[in-house]
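The next block holds one structure in the form of structure tokens; read it before the comments.
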Amino acid sequence: MFQIALYGKGGIGKSTVSANLSAALAMNGKSVLQIGCDPKHDSTRLLLGGASVPTVLDYTRNSLPGERSLEHIMFEGYCGVACIEAGGPEPGVGCAGRGILTTFEVLEKLGIKEIPFDIVLYDVLGDVVCGGFAVPLRKDYADAVFIVTSGEYMALYAANNILRGVRNFNDRVLRVAGIIHNGRGLLHEDMRVKAFAGAVGLPVVVSIPRSKDFEDAERNGSTLMEINPDSDCAEIFSGLAGYVERIADGSAKLYPACPLEDHEMESMILGRETSPGADRYYRKAGIPYESSSSASVSSCKRNLFLTKSMQHKQPLKGCSFAGAVTATSQVTDALTIVHGPRSCSHIVSHFLTSTSLSSRSRYGTPLPDKQPVLLSTDMGEKAFIFGGKAELMSSLENALMSGWKNIFVVSTCPAGLIGDDIGRIVNEMKQKYPGTRIIPVPVDGNITGDFSQGLVEGYRKVLEMVDTSVRPEDGSVNIVGEKVLSSNVGANYELISDLLGKMGLKVNCRLLSSTSADDVVHFKRGQLTLLAHGEDSGKVLQEYLENEFGTEFFGLPFPVGFRETAEWVELLAERFSAEDAAAELIGMQRKIYNHEISRIRPLLKGKRVIICSFSPNVDWLLETAFDLGMHVIKVGLAVSPETVDFRTRYVGMLSLEYDYGADNRERDIVDMAPDLVLSNYMTPTQAEGIYQDSIPMAPDVGFMSGLVMAQRWSRLFRLPFIEGWKNDGGICYDN
Amino acid sequence: MTIDPDSFTGAMLAVEGIEDAMVVLNGPTGCKLYHAHLSDCQYPRASSFDPLSYAEEFYFGQPRVPCTYLEGEDYIAGSTEKLGRILSSIASSRDGLIAVVNSPGASLIGDDLVRFIEGAGLSDRCIAIENTGYSSTLQEGFQRTVIKLLDWLDLKRCNTIPDTVNIIGISLYHSNWDSSLEEIKRLLSLLGLRVGSVICAGTTLEELRRSAEATCNLVICEEYGLDIAHWYERNLSIPYVVSPAGAPVGFDATEICLKFLAAAMGKNASQATEFIHLERRKQYRKIARFHSLTGLPKGTTFAVKADSSIALPLAKWLYYYLGMVPVGINTSSGGHLSSEQELVGFLKDTGFSEALGNFRSDEPADVVLADGHTVRMMREKRLCRAGVEIGLPSSGYVNFLPRTYMGINGSLFLLEEILNGIRTMP
């Protein structure tokens with residue numbers, strides 16, 4: 001079997017050339033299969049008397065895998081040519097490239113390769129626009145590639161692009177058969193095509209003149225080979241068929257793909273070195289401003305509210321989709337519809353449930369009355385090709401019929417890649433079901449960014465629910481940006497809530513942690529907003545809320561450790577004139593803290609500590625260590641300075657190192673001989689004389705965070721350096 | 001509630017179930033992080049979680065499933081450059097099989113992975129899995145990938161090792177798969193049979209190659225193994241046995257499975273059945289004493305959420321052996337038709353048709369047998385007296401004693417959990 005692919009610009013006449021070539025080959029006694037790889041599925045029409053046949057993709061959409069058979073999609077055309085049309089989605093939806101990939105997979109499964117065709121001809125849409133349309137170029141497919149072109153610049157430009165596509169499949173095999181010139185009857189057309197062919201080192205295999213014979217044949221729904229086999233044009237196709245046969249038997253040669261650079265194309269085809277008028281038009285576009293506005297370009301720049309990792313284009317950790325769902329799923333009386341394959345919903349539902357369970361077991365946090373409710377549209381192969389509108393509409397319809405009034409629709413990367421417009425689909429449904437609140441969150445998997453960015457995007461969409469006419473209420477505060485995937489989120493909230501209560505304050509809205517839609521709507525009732533964590537996504541959220549809602553934020557995040565908590569309480573009390581209550585509270589806690597520190601201090605005084613942390617917030621540990629008289633000999637942050645905002649009140653007292661990896665830690669353990677190494681994860685190193693302990697990634701908030709650690713360290717130093725089980729691992733640290 | 005995984009996860013776990021194989025994910029980190037975690041938890045090959053120990057590019061702080069971390073521009077331009085780097089990096093640092101698996105999004109790009117692997121000169125140890133299926137079942141993804149691996153291995157049946165059986169239809173997505181395999185191996189030894197290979201759960205590539213020498217294949221869970229068994233039969237003429245009672249869950253189904261296998265292999269099952277009967281007699285008095293005091297477990301309600309090949313024998317055993325009442329039985333998507341149908345018939349015949357599809361995680365049942373997340377949730381909400389974890393996602397409970405719900409030991413485990421559980425208040 002010999003396989004050829006015909007590529008060329010759309011509308012250049014590939015299908016006419018392909019059908020006539022197939023007919024000519026068949027008339028020479030060859031068994032031929034022609035596969036049309038174009039969503040408009042008209043490649044084989046002229047071989048089938050003008051009939052339009054069911055396409056592979058329509059067939060797979062409407063049939064069960066077990067029922068499928070080649071005979072339902074392969075049709076016999078003129079002179080026994082077997083005809084198959086791949087088909088594809090409607091223009092503007094789905095992914096035609098994915099359709100081509102699927103077609104080839106389906107055909108292979110149905111045993112197309114087991115049929116002993118002499119020649120298989122692939123008629124491929126236009127340019128090599130994406131990986132899907134390049135499938136016929138893969139090694140298992142086209143042995144030879146013909147490029148169909150006219151003498152028009154854009155046709156030659158496309159021909160050159162096709163050569164680039166072939167070159168990108170650089171497998172050191174010569175595969176270009178030559179150029180088929182399908183004439184348009186233009187002035188000097190032959191010359192241009194020959195010049196191009198010469199420049200890229202390819203022969204013009206045939207030149208097909210513009211002829212009325214083709215139109216007559218098309219009107220008849222036939223190939224010219226069928227209705228006018230003795231014409232001059234038919235003779236050209238017979239010659240072309242002979243050429244194909246010679247390539248197949250090795251007597252005609254194939255060529256490498258040597259495309260031209262763009263400027264070479266312009267120079268050769270259009271005979272110019274630079275574009276006329278380029279100097280007139282090539283300059284930065286001005287931005288029109290309203291009347292007398294003094295806005296400058298810089299002040300017009302949009303605030304995109306990007307997290308640091310996005311601003312620095314670092315490798316994305318996690319995906320926006322998961323971040324967005326983490327936010328939307330916190331709205332307890334809302335449904336989140338995941339528009340994507342089921343694996344995406346599985347992954348996100350897995351970690352949301354795991355977090356709830358972990359909070360319950362580690363901190364006794366009650367499980368939420370309602371688990372986050374997710375619904376997957378379960379995009380399947382059909383949706384990947386034809387678009388997932390039907391699946392999303394159906395999921396929305398079911399959700400609305402079940403009584404959901406608040407719905408978020410979050411898109412995954414496949415949905416984004418095939419271009420599903422969830423906003424438009426949502427609008428259609430909103431018109432059908434007025435009074436419902438459906439909010440699209442088009443993050444498109446990780447196309448919008450990483451997990452943190454997705455969290456921000458999710459919050460922004462949830463905030464569309466806020467009623468901006470609501471007025472603040474005295475003594476009412478909001479909490480923003482709790483770490484809902486930390487198992488201590490509930491416990492931390494309880495503690496903060498308790499501190500607030502002691503100052504006569506109450507929480508209006510937790511944005512977002514087990515929050516009702518009504519709480520979000522009345523977000524502006526909060527007189528002051530407390531940011532739970534000062535990390536990147538929290539700061540971006542703060543910026544967004546300040547910009548868009550004029551939200552007043554308290555200056556400090558949730559406090560960790562004694563000093564931070566005392567300061568936090570004092571400042572908050574000052575803001576709400578509750579200084580007396582705060583003083584009493586701090587005084588009582590100080591007594592407990594100091595008493596316990598004095599008890600433990602003799603046990604830990606003078607111990608040398610290395611702190612190795614992923615989080616830049618280590619002051620609570622430093623404070624405890626210093627209060628205990630320990631020596632902190634190194635703080636290693638396992639992050640880059642560009643990605644974190646490290647601040648400490650112990651400036652000048654620390655030996656600090658960024659990008660602190662396992663090697664740095666091992667080096668310091670050997671060189672500095674610490675008594676205690678504190679890391680987020682226990683190190684595999686075992687050394688006599690060195691104790692190790694873990695520190696939490698997300699510490700508990702409040703006065704006693706450091707004290708709890710100190711109590712643990714005090715006991716640690718009375719335990720064996722190396723426990724027995726650690727001797728059993730051998731070389732177990734490899735993976 | 002945790003939504004079921006799909007064929008993408010099934011495909012990844014098929015490869016990760018091979019000891020000396022590794023998935024290289026051509027996809028974003030969002031797809032990587034979970035699957036690396038899952039593989040590492042189900043089949044630990046590292047002793048530390050410390051991300052600093054896995055700081056090399058592509059690993060993102062985890063020991064398994066390195067990935068090309070596809071991002072916006074890669075979706076447009078293709079992942080060629082990253083694929084080139086990751087393949088040379090992994091191939092030079094590790095031995096064994098590498099399976100390049102496309103994430104659902106990556107499969108839309110149309111990168112020619114095969115060409116890439118050939119270009120890197122890795123065809124002899126690297127396989128491309130370009131499309132794992134979209135939203136089709138985990139079981140389908142698992143079986144399709146195993147078959148692809150078997151095709152790639154190009155197995156030949158040169159000789160047959162007598163009395164050797166391959167185990168098919170257990171995956172890393174089975175709860176306590178390793179303990180289940182130990183139990184099955186123990187039971188097969190009672191028939192004088194030896195397990196050749198387990199396809200693909202804790203298996204080496206060499207064992208997979210030797211699977212062509214087995215006398216017979218035993219399918220434990222049809223939905224995870226029947227297509228694979230057909231492949232062996234079609235390509236290597238190795239017959240297979242699948243128990244009509246479903247997976248060996250409960251004394252009865254275990255006995256049927258062993259008898260059926262013995263008959264197919266021309267073996268005498270009397271020693272194995274006697275062993276089961278002995279165990280039953282040993283447990284009789286314990287159950288009888290419990291029953292005399294409380295009247296239980298008869299009349300105790302139970303709810304099951306599991307694969308159909310497990311739900312069927314489990315429900316029948318709880319009903320016939322312990323006299324328990326089915327109030328909710330849901331089977332996972334991807335269940336096998338015959339066991340699904342038989343389950344329908346069983347519930348209809350016993351007058352409990354209403355239990356089918358009626359597993360409710362917000363309604364009480366005395367005994368709940370389900371995945372770890374569901375069991376934990378229902379226990380915490382005091383919606384059950386006994387919760388038995390028989391599937392993933394895991395509750396996170398760390399087992400030291402070998403625990404399985406399959407075979408004789410599995411029956412004892414179920415008895416222990418149920419009888420001790422139902423005498424406590426939820």
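Sequences listed follow chains A and S, in order. If you're matching positions, the first sequence starts at 1 in my numbering and goes up one per residue. If you're matching positions, the second sequence starts at 1 in my numbering and goes up one per residue. Heads up, the beta-carbon is just placed ideally off N, CA and C, and yes, glycines get one too. Computed from a predicted model, the values in this text were never measured in an experiment.
- C-beta neighbour in chain S for His-346 (chain A), strict 8 Å: Numbered from 1 along the first sequence, position 346 holds the residue referred to as residue 346 (chain A). Chain S contact via Cβ: present.
- Query: Quick one: what's got a C-beta closer than 6 Å to His-181 (chain A)'s C-beta in the same chain, skipping five residues either side?
  - Reply: Translated into the one-based positions of the first sequence, residue 181 (chain A) becomes position 181. Hits under 6 Å: Val-193, Val-204, Ser-207.
- Message: Taking the straight line between their C-alpha atoms, what separation do you get for Ser-22 (chain A) and Thr-336 (chain A)?
- Response: Taking the first residue of the first sequence as 1, we reach residue 22 (chain A) at position 22. Taking the first residue of the first sequence as 1, we reach residue 336 (chain A) at position 336. Roughly 52 Å separates the two Cα atoms.
- Determine the DSSP secondary structure at Leu-190 (chain S), reduced to helix, strand or coil. Position 190 of the second sequence, counted from the first residue, corresponds to residue 190 (chain S). It is helical.
- Counting Cβ pairs, one atom from each stretch, are 3 or more of them under 8 Å apart for the stretch 316 to 332 of chain A and the stretch 5 to 24 of chain S? Because the criterion of three Cβ pairs below 8 Å is not met, the stretch 316 to 332 of chain A and the stretch 5 to 24 of chain S do not touch.
- Helix, strand or coil: how does DSSP classify His-181 (chain A) here? Numbered from 1 along the first sequence, position 181 holds the residue referred to as residue 181 (chain A). Looking at His-181 (chain A) - three-state DSSP - the assignment turns out to be strand.
- Cβ-based neighbour list, Gly-490 (chain A), same chain, cut-off 7 Å, excluding 5 preceding and 5 following: For this step, residue 490 (chain A) is matched to residue 490 along the first sequence. Within the same chain, Gly-490 (chain A) has close Cβ partners Ser-359, Tyr-363, Thr-365.
- Message: Just checking: is the beta-carbon of Ser-292 (chain A) within a distance shorter than 8 Å of some beta-carbon in chain S?
- Response: Numbered from its first residue, the first sequence carries residue 292 (chain A) at position 292. With a pLDDT of only 44 at Ser-292 (chain A), under 50, the local geometry of the prediction cannot be trusted, and no value is derived from it.
- Message: Taking CB distances under 8 Å as the criterion, tell me whether Glu-381 (chain A) reaches chain S.
- Response: Residue 381 (chain A) sits at position 381 when you count from the first residue of the first sequence. Chain S contact via Cβ: present.
- Message: My output table needs one value for Met-22 (chain S): the three-state DSSP class, helix, strand or coil.
- Response: The residue given as residue 22 (chain S) occupies position 22 in the second sequence. Strand, per DSSP.
- Message: Among the candidates S:Thr-300, S:Asp-349, S:Asn-102, S:Leu-343, whose CA atom is the shortest distance from the CA of Val-368 (chain S)?
- Response: To locate residue 368 (chain S), count along the second sequence from 1; it is residue 368. Ranking S:Thr-300, S:Asp-349, S:Asn-102, S:Leu-343 by Cα distance to Val-368 (chain S) puts S:Thr-300 first.
- Message: Please classify Pro-136 (chain A) as buried or exposed, where buried requires at least 16 other C-beta atoms within 10 Å of its C-beta.
- Response: One-based indexing of the first sequence puts residue 136 (chain A) at position 136. So Pro-136 (chain A) ends up on the buried side.
- Query: Taking all protein chains shown into account, do 16 or more other C-beta atoms lie within 10 angstroms of the C-beta of His-373 (chain S), making it buried, or fewer, making it exposed?
  - Reply: Locating residue 373 (chain S) in the second sequence gives position 373, counting from the first residue. Label assigned to His-373 (chain S): buried.
- Closest Cβ-Cβ distance between Asp-307 (chain S) and chain A: below 8 Å? Residue 307 (chain S) sits at position 307 when you count from the first residue of the second sequence. No, because no Cβ of chain A sits closer than 8 Å to the Cβ of Asp-307 (chain S).
- Query: DSSP puts Asn-330 (chain S) in a beta bridge; with which residues?
  - Reply: Position 330 of the second sequence, counted from the first residue, corresponds to residue 330 (chain S). Looking at the DSSP output, Asn-330 (chain S) bridges to S:Lys-305.
- Query: Which residues, taken in chain order from the stretch 87 to 110 of chain A, show a beta carbon closer than 9 Å to some beta carbon of chain B?
  - Reply: The structure shown has no chain B; the protein chains it does contain are A and S.
- Task: Can you tell me which of the three DSSP states His-277 (chain S) falls into?
- Result: Looking up residue 277 (chain S) in the second sequence gives position 277. Helix, per DSSP.
- Message: Just to confirm, is the Cβ distance from Asn-330 (chain S) to Gly-351 (chain S) under 8 Å?
- Response: Mapped onto the second sequence, residue 330 (chain S) falls at position 330. Mapped onto the second sequence, residue 351 (chain S) falls at position 351. The answer is no: Cβ separation not under 8 Å.
- Does Pro-66 (chain S) come within less than 8 Å of chain A when only Cβ atoms are used? Indexing the second sequence from 1 puts residue 66 (chain S) at position 66. Chain A, which has no Cβ nearer than 8 Å to the Cβ of Pro-66 (chain S), makes this no.
- DSSP three-state call for Phe-386 (chain A): helix, strand or coil? Taking the first residue of the first sequence as position 1, residue 386 (chain A) is located at position 386. Here Phe-386 (chain A) sits in helix by DSSP.
- Message: I'd like to know if Thr-322 (chain A) contacts chain S, where contact means its C-beta is closer than 8 Å to some C-beta of that chain.
- Response: Start at 1 with the first residue of the first sequence, and residue 322 (chain A) comes out as number 322. Position check: residue 322 (chain A) holds Ala in this sequence, whereas Thr was assumed. Chain S contact via Cβ: present.
- Query: By a C-beta neighbour count over all protein chains shown, 10 Å radius and 16 as the cutoff for buried, is Ser-294 (chain A) buried or exposed?
  - Reply: In the first sequence, the residue the question calls residue 294 (chain A) occupies position 294. Legend: pLDDT at Ser-294 (chain A) = 44, less than 50; position of this residue unreliable, value from coordinates given subsequently. Counting C-beta atoms within 10 angstroms of its own C-beta, Ser-294 (chain A) has fewer than 16 neighbours from the protein chains shown and is therefore classed as exposed.
- Query: Just how far apart, CA to CA, sit Val-484 (chain A) and Ser-53 (chain S)?
  - Reply: Taking the first sequence and counting its residues from 1, one reaches residue 484 (chain A) at position 484. Taking the second sequence and counting its residues from 1, one reaches residue 53 (chain S) at position 53. Each residue's Cα considered, the two are about 27 Å apart.
- Message: Quick check for students: name the residue ranges of the beta strand (DSSP E) that lie wholly in the stretch 625 to 655 of chain A, counting only runs of 3 or more.
- Response: As far as the stretch 625 to 655 of chain A is concerned, its whole beta strand (DSSP E) runs of at least 3 residues are 631 to 637.
- Message: I'd like to know if Arg-665 (chain A) contacts chain S, where contact means its C-beta is closer than 8 Å to some C-beta of that chain.
- Response: Here residue 665 (chain A) refers to the residue found at position 665 of the first sequence. Taking Cβ atoms only, chain S reaches closer than 8 Å to Arg-665 (chain A), which makes this a yes.
- Message: Could you compute how far the alpha carbon of Trp-620 (chain A) sits from the alpha carbon of Thr-648 (chain A)?
- Response: On the first sequence, position 620 is the one that residue 620 (chain A) refers to. On the first sequence, position 648 is the one that residue 648 (chain A) refers to. Cα to Cα, the separation comes out at about 10 Å.
- Cut-off 7 Å between Cβ atoms - residues of its own chain near Ser-231 (chain A), not counting five sequence neighbours on either side: What you label residue 231 (chain A) is simply residue 231 of the first sequence in a count that begins at 1. Hits under 7 Å: Asp-213, Leu-224.
- Query: Smallest Cα separation from Lys-185 (chain S): which of S:Asn-176, S:Gly-196, S:Ser-175?
  - Reply: Start at 1 with the first residue of the second sequence, and residue 185 (chain S) comes out as number 185. That would be S:Gly-196, whose Cα lies nearest to the Cα of Lys-185 (chain S).
- Using a beta-carbon distance cut-off of less than 7 Å, what residues from the stretch 251 to 270 of chain S approach chain A? Of all residues in the stretch 251 to 270 of chain S, none is placed with a Cβ closer than 7 Å to any Cβ belonging to chain A.
- Task: Report the three-state DSSP secondary structure of Cys-257 (chain S) (helix, strand or coil).
- Result: As a first step, residue 257 (chain S) is located in the second sequence; it is residue number 257 there, counting from the start. Cys-257 (chain S) falls in the helix class under three-state DSSP.
- Task: List in chain order: all unbroken beta strand (DSSP E) runs of 3+ residues lying wholly within the stretch 115 to 148 of chain S.
- Result: 126 to 129
- Could you pull out every residue in the same chain whose Cβ sits closer than 6 Å to the Cβ of Phe-717 (chain A), ignoring the five residues on either side in sequence? Locating residue 717 (chain A) in the first sequence gives position 717, where the first residue counts as 1. Excluding sequence neighbours, Phe-717 (chain A) sits near nothing in its chain.
- Does the distance from the C-beta atom of Ser-18 (chain A) to that of Leu-156 (chain A) stay below 8 Å? Along the first sequence, read from residue 1 onward, the residue named residue 18 (chain A) stands at position 18. Along the first sequence, read from residue 1 onward, the residue named residue 156 (chain A) stands at position 156. Not a contact, by the Cβ cut-off of 8 Å.
- Item | Reduced DSSP secondary structure (H/G/I, E/B, other) of Gln-542 (chain A) | For this step, residue 542 (chain A) is matched to residue 542 along the first sequence. In the structure shown, Gln-542 (chain A) sits in a helix (DSSP, three-state: H, G or I).
- Message: Looking at chain A, is there any beta carbon in it that lies within less than 8 Å of the beta carbon of Asp-6 (chain S)?
- Response: One-based indexing of the second sequence puts residue 6 (chain S) at position 6. Closer than 8 Å to some Cβ of chain A, the Cβ of Asp-6 (chain S) qualifies, so yes.
- Message: Restricting to Cα atoms, I'd like to know which of A:Val-639, A:Lys-382, A:Gly-501, A:Leu-499 is closest to Asp-58 (chain A).
- Response: The residue labelled residue 58 (chain A) in the question sits at position 58 within the first sequence. That would be A:Lys-382, whose Cα lies nearest to the Cα of Asp-58 (chain A).
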